[in-house]
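Mapping to UniProt numbering: the sequence shown position 179 is 179, numbers consecutive.
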Amino acid sequence: GGTKEGGGGGFEDYGGELTIYRFDTGDQSHAAQVLGRVKTTSRFTALAWGQATAACPDGLVAGGMADGSVLVWNARALMKGAGDKAVLARIKRHQGAVRAVQFNPHGASKHLLATAGADGQVCIVNLANTATPSVAVLSAAGKGGAELTSLAWNTAVVHILATSAADGVVTVWDLKQNKPWTQLRDPVRNPVSAIAWKPDDGLVLVTATDDDARPVVRVWNLRSSTTTPIAELSGHTRGVLDLSWCPTDPTLLLSCGKDNRTLLWDLMRFVPCAEIAPAPADPSAMGGMGLEASQAPASATTLAAKHASAAESLFGPSSGAGGMSGGMGSMGSMGGMGGMGGMGGM
Numbered sequence: 001g002g003t004k005e006g007g008g009g010g011f012e013d014y015g016g017e018l019t020i021y022r023f024d025t026g027d028q029s030h031a032a033q034v035l036g037r038v039k040t041t042s043r044f045t046a047l048a049w050g051q052a053t054a055a056c057p058d059g060l061v062a063g064g065m066a067d068g069s070v071l072v073w074n075a076r077a078l079m080k081g082a083g084d085k086a087v088l089a090r091i092k093r094h095q096g097a098v099r100a101v102q103f104n105p106h107g108a109s110k111h112l113l114a115t116a117g118a119d120g121q122v123c124i125v126n127l128a129n130t131a132t133p134s135v136a137v138l139s140a141a142g143k144g145g146a147e148l149t150s151l152a153w154n155t156a157v158v159h160i161l162a163t164s165a166a167d168g169v170v171t172v173w174d175l176k177q178n179k180p181w182t183q184l185r186d187p188v189r190n191p192v193s194a195i196a197w198k199p200d201d202g203l204v205l206v207t208a209t210d211d212d213a214r215p216v217v218r219v220w221n222l223r224s225s226t227t228t229p230i231a232e233l234s235g236h237t238r239g240v241l242d243l244s245w246c247p248t249d250p251t252l253l254l255s256c257g258k259d260n261r262t263l264l265w266d267l268m269r270f271v272p273c274a275e276i277a278p279a280p281a282d283p284s285a286m287g288g289m290g291l292e293a294s295q296a297p298a299s300a301t302t303l304a305a306k307h308a309s310a311a312e313s314l315f316g317p318s319s320g321a322g323g324m325s326g327g328m329g330s331m332g333s334m335g336g337m338g339g340m341g342g343m344g345g346m
């Protein structure tokens, strides 16, 4: 997991670095062992870790970059010290920074990588053959649209994808039809910073706003309304940056914000049930940067949070968890997707 920073490529883009760590949560010091590291010519703005494949038993790592490119690495090769030779693909379709990348979580489609950019464009990259990846661009996206901020594959329907934008619009895409299925709109057009689908219900999702004046998380049930959320969660004192829905208990949701807080929400009562203290405990030591949370790819009970000082906090009972960070801005991957029906004509 890691902090995300804005901006595209240019004079301030001094490159980045991708590092894969191993954490032993049985070690009270929570010392991190570096398994692999590689430098990049552009800064990271998004990061995702995909599922294992026959060719890549530790999965693929995708990095969205400030210069609009997407790089894909063989995770095992990185951990064996291959460095630049671990790069499997380089894709350049975005005209601005890549704001979000995510692998399709459904087994038969895990070779599909979705990317969203500051140019308002959504791309679906087919990595079935990493030597010659193909790219499909959603034709309705990027035509005078706002900068995209995040995306999320649906937890139940393989061809449904949600994207969020800086103008407060969340678009749910039907990729079979290559067009929007529906849209959610923030009532005051606050930027939507993060979205997440409920693990066991593909018609329920949460959205977050990073507006300091109204730092809320909204819960939407698309069965009942696309204009009014069923709940609004207030607990952060500054903008919310990231969301993580527990893949094994859909009543639990994590949110991280610019207030340097990580809140665990009880979605049965729509209230915070716990707060995970960051390290260091003194928020001033974080340089005022917010937190983002990420799940270890192979563990549903391990959470990593990272802040600008590059200190990592690891929580959970499992040992030997893996994690990664990328350059000046990074994100972790989170697993867990299921099955659904009833989305109209899809």
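C-beta: ideal position from N, C-alpha, C; glycine also. The model shown is predicted, which means the values in this text are computed figures rather than measured ones.
- Annotation for Leu78: the continuous alpha helix (DSSP H) segment containing it runs Ala75 to Met79.
- Val204 has its alpha-carbon roughly 12 Å from the corresponding atom of Leu184.
- Apart from the 5 residues on each side of it in sequence, Gly15 sits with its Cβ closer than 8 Å to the Cβ of Lys39, Thr40, Thr41, Ser42, Arg43 and Gly327 in its chain, given in chain order.
- Cβ atoms of Leu78 and Val61 come within 8 Å of each other, at about 7 Å.
- For Lys258, no beta strand (DSSP E) run applies, since DSSP gives it neither H nor E.
- Straight-line measurement puts the Cα of Ala162 at about 5 Å from the Cα of Leu151.
- Asp259 has its alpha-carbon roughly 16 Å from the corresponding atom of Ala274.
- Secondary-structure assignment with DSSP links Ser164 through a beta bridge to Ser150 and Val170.
- For Gly64, the secondary structure class from DSSP, reduced to helix, strand or coil, is strand.
- Within the same chain, and ignoring the five residues on either side of Ser193 in sequence, the residues whose Cβ sits closer than 8 Å to its Cβ are Thr149, Ser150, Ser164, Ala208, Thr209, Asp210, Gly239, Val240, Leu241 and Asp242.
- Taking 8 Å as the cut-off, the Cβ atoms of Trp153 and Pro199 do not count as close.
- A straight-line Cα-Cα distance of about 16 Å links Val219 and Pro191.
- Bridge pairing for Gln33: Arg22 [DSSP].
- For Val157, there is no enclosing beta strand (DSSP E), as DSSP marks it with neither H nor E.
- In terms of CA proximity to Thr262, Ile276 leads the group Asn126, Thr171, Ile276 and Met268.
- Rounded to the nearest angstrom, the gap between the Cα atoms of Lys110 and Thr228 is 33 Å.
- A direct Cα-to-Cα measurement between Gly96 and Lys85 gives close to 26 Å.
- Val125 places its beta carbon less than 8 Å from that of Pro133.
- Asn126 is bridged by DSSP to Leu112 and Ser134.
- Taking 8 Å as the cut-off, the beta carbon of Gly202 is found no closer than this to the beta carbon of Asp186.
- Beyond the five residues adjoining it in sequence on each side, Thr45 comes within less than 6 Å, by CB distance, of Gly64, Ala66, Ala97, Val98 and Gly329 in the same chain, given in chain order.
- The bridge partners DSSP lists for Lys92 are Ser69.
- Across the set Leu88, Trp181, Gly120 and Trp197, the C-alpha of Trp197 shows the shortest separation from the C-alpha of Ala156.
- In the three-state scheme derived from DSSP, where H, G and I count as helix and E and B as strand, Gly107 is classed as helix.
- Val271 is bridged by DSSP to Asp266.
- Counting only the Cα atoms, Thr171 lies some 11 Å from Gly145.
- When beta bridges are read from the DSSP output, Ser193 appears opposite no residue.
- Taking 8 Å as the cut-off, the Cβ atoms of Leu253 and Val206 count as close.
- Residues Gly68 and Ser69 of the same chain have their beta carbon placed closer than 7 Å to that of Lys92, with the five preceding and five following residues left out of the count.
- Closest in C-alpha terms to Arg189, from the list Gly26, Ala131 and Arg214, comes Arg214.
- Asn221: member of the beta strand (DSSP E) spanning Val216 to Asn221, first to last residue.
- In this structure, DSSP gives Asp84 a helical state, which the three-state scheme calls helix.
- Residue pairing for Ala48: DSSP places it in a beta bridge opposite Ala62.
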